[in-house]
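Counting from 241, one number per residue, gives the positions in the sequence shown under our numbering.
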Amino acid sequence: MADRERKGLVARWLEGKERSEDYARGTLPTSRWALFWDILKGRFGKLILVNLMVFVTCIPIFLIIFFHTYNLAAVGASGTFGAGLGVGYPYIPQSPGQLEWLVLQLDLFYFALLIPASVIAAVGVAGGMYIIRNLIWTEGIFVANDFLRGIKRNFFSMLEGALFFSVVLFAATIVGDLADVFVATGSSAAGWMIASKVIGYIFVAFAVLVTLWIISLGVNYKQGPFALLRNAIVMTVGTFPQSVFFAALAVWPIFLVIFGSGFLLAIGLVLIVLFGLSWLMLVWMDFSQWAFDKFVNPEHGYETGRGLYNKDKPVSENAPQKEVSLEESAAMREMRRQIVAQGKSKLMCRPIKPVDDGVDIYQLPDSFSREDLQRLRESRTAVEEDVRAYEEEHKNDERYVEYNRIFEEQERALRDEDAGGKKTKKKKKDPKRPKLLNKRK
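(1) Nearest-angstrom Cα distance between L469 and Q529?
(2) Just verifying my parser: in three-state terms, what is the DSSP assignment at Y602?
(3) Go ahead and pull the three-state DSSP assignment for K462.
(4) Is there a C-beta anywhere in chain D that falls below 9 angstroms from the one on M369?
(5) Measure how close the beta-carbons of I473 and M398 come, nearest whole angstrom, since I'm counting them as under 8 angstroms.
(6) Any idea what DSSP makes of Q561, helix, strand or coil?
(7) From R628, A622, V623 and V513, pick the residue whose C-alpha is nearest to that of V296; which is it?
(8) Taking just the CA atoms, how far does G545 sit from D533?
(9) In the DSSP assignment, find the alpha helix (DSSP H) that holds P269 and state where it starts and stops.
(10) Which first and last residues belong to the alpha helix (DSSP H) in which V536 is found?
(11) My assumption, with CB atoms under 8 angstroms, is that I507 sits in contact with L522. Please give the rounded CB distance.
(12) How far does the alpha helix (DSSP H) with W524 in it extend, from its first residue to its last?
(13) Looking only at C-alpha atoms, which of M293, L616, D420 and W432 sits nearest to G516?
(14) Can you grab the Cα-Cα spacing for the pair L511 / L303, in whole Å?
(15) Determine, using beta carbons only, whether A531 and T479 come nearer to each other than 9 angstroms.
(16) For a test of the three-state rule: what should DSSP assign to Y310, helix, strand or coil?
(17) How long is the line joining the alpha carbons of P591 and W492, rounded to whole angstroms?
This is the structure:
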């Protein structure tokens, strides 16, 4: 047997432990934290690719933020309230509320533009979150195809989240600007406006959590718009401390861009372009799956621990306990039927002798005689007898016996299922719709 090839650190990091010769099921992640680091380490390239695809759809939002900040700085430097600097000379004190009024006008324009820009960003979020969910479920992915499939399946759910947050942000910003105008002009209603400004900021913070739950619920479950909003509020209130912690952990690269300056701002921009958006989606979706497994899926018969390996239970107990629709059951039967129709794998159902055991076939020289042909025939006969002897010796090995047993059981179960389906087909009553969710995607 050839010696094992020793690979470098970078090669092993890129290939992941699935390609390692020491790989075993016991090394699979058994918790959401372990699964998070496993994806971060083994699928980092795919995360960067997903981030770039989502970032393209978020470019309008970043442009709006840039021009809004630039125009605010220009207004502050060139207005008559510039305290005698530059174009604002001389200082004119008889202009209370002018700066606040200009800020209100700018915010009306740019925060209104954020609403259609968020609709464009919802396209990328729909595709990116679908890929991240499949990574957490440890399903095979093709980034481009799954990105388009995620847009098709989840766009309207992401659109609801984008519109909800952008409208709440627009309303809270305008109310806050009006409060600043009232305070600057000495209005009698300034106190009420300050209170409304504080309440608006609280609503924005709450809307961030609700929007994140709308996104994760929309990717995992099929729901109507009102049910989706209601369930997002329920999950936000029910897991409020955990939601605040993981939301802060997820959005810190965006905070660097919004509130940072100088070196921190540069770091934030690089992170957002390369990895920040994928980080946000991965952290929040991983936390969401934990919350769904703990509070939602067990109550409604959905599979729990998807993407995790449970080493304490046998394989039969790890099977998903969920209701299967007629379409899914028909597809599963068809898949099993195709497997049975193709027959047993010749590589799996019987032992095959390794080719590196030192047995060689006689090689004919360039000019050969009848004796060389006879030696070639004898060597081939010896190899065939050796292969048959090896097969006879190892035919009762556990892996071959287990494979044949599973294949025969699958063939018999499919035959019995088809026979039972032809006898009686009784229509079952639809299960009662759960209070929280409608259907698993």
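Glycine is no exception: its CB is placed at the ideal position from the N, C-alpha and C atoms.
All values derive from a computational prediction rather than experimental measurement.
Checking against the coordinates, here is how it stands:
(1) As a first step, residue 469 is located in the sequence shown; it is residue number 229 there, counting from the start. As a first step, residue 529 is located in the sequence shown; it is residue number 289 there, counting from the start. Going by the C-alpha atoms only, they are around 18 angstroms apart.
(2) Here residue 602 refers to the residue found at position 362 of the sequence shown. In this structure, Y602 counts as coil in the three-state DSSP scheme.
(3) Along the sequence shown, one-based indexing puts residue 462 at 222. It is a strand residue.
(4) In summary, chain D is missing from the structure at hand, where a single protein chain is found.
(5) Along the sequence shown, one-based indexing puts residue 473 at 233. Along the sequence shown, one-based indexing puts residue 398 at 158. Not confirmed; about 17 angstroms, so no contact.
(6) Walking along the sequence shown from the start, residue 561 turns up at place 321. Confidence at Q561 is low in this model, with a pLDDT of 45, below 50, so the placement of that residue is unreliable and no value is reported for it.
(7) To locate residue 296, count along the sequence shown from 1; it is residue 56. Ranking the options by Cα distance to V296, first place goes to V513.
(8) On the sequence shown, position 293 is the one that residue 533 refers to. On the sequence shown, position 305 is the one that residue 545 refers to. When rounded, the distance between both Cα atoms is 6 angstroms.
(9) Within the sequence shown, numbered from 1, the residue matching residue 269 stands at position 29. P269 -> no alpha helix (DSSP H), and no H or E assigned at all.
(10) As a working mapping, residue 536 is identified with position 296 in the sequence shown. That residue, V536, is in no alpha helix (DSSP H); it is neither H nor E in DSSP.
(11) Counted from its first residue, the sequence shown places residue 507 at position 267. Counted from its first residue, the sequence shown places residue 522 at position 282. Actually they are not in contact, since the Cβ atoms of I507 and L522 sit about 19 angstroms apart, beyond 8 angstroms.
(12) The residue you call residue 524 lines up with position 284 of the sequence shown. Taken as a continuous stretch (DSSP letters only), the alpha helix (DSSP H) holding W524 covers L517 to A531.
(13) Within the sequence shown, numbered from 1, the residue matching residue 516 stands at position 276. Comparing Cα-Cα distances from G516 to each of M293, L616, D420 and W432, the minimum goes to M293.
(14) As a position in the sequence shown, residue 511 is number 271, starting the count at 1. As a position in the sequence shown, residue 303 is number 63, starting the count at 1. If I take the Cα positions, the gap works out to 17 angstroms.
(15) Here residue 531 refers to the residue found at position 291 of the sequence shown. Here residue 479 refers to the residue found at position 239 of the sequence shown. Yes, these two residues count as a Cβ contact at 9 angstroms.
(16) Here the question's residue 310 lines up with position 70 in the sequence shown. Residue state, collapsed to three classes: helix.
(17) Taking the sequence shown and counting its residues from 1, the one referred to as residue 591 is at position 351. Taking the sequence shown and counting its residues from 1, the one referred to as residue 492 is at position 252. Spanning the two alpha carbons is a distance of roughly 55 angstroms.
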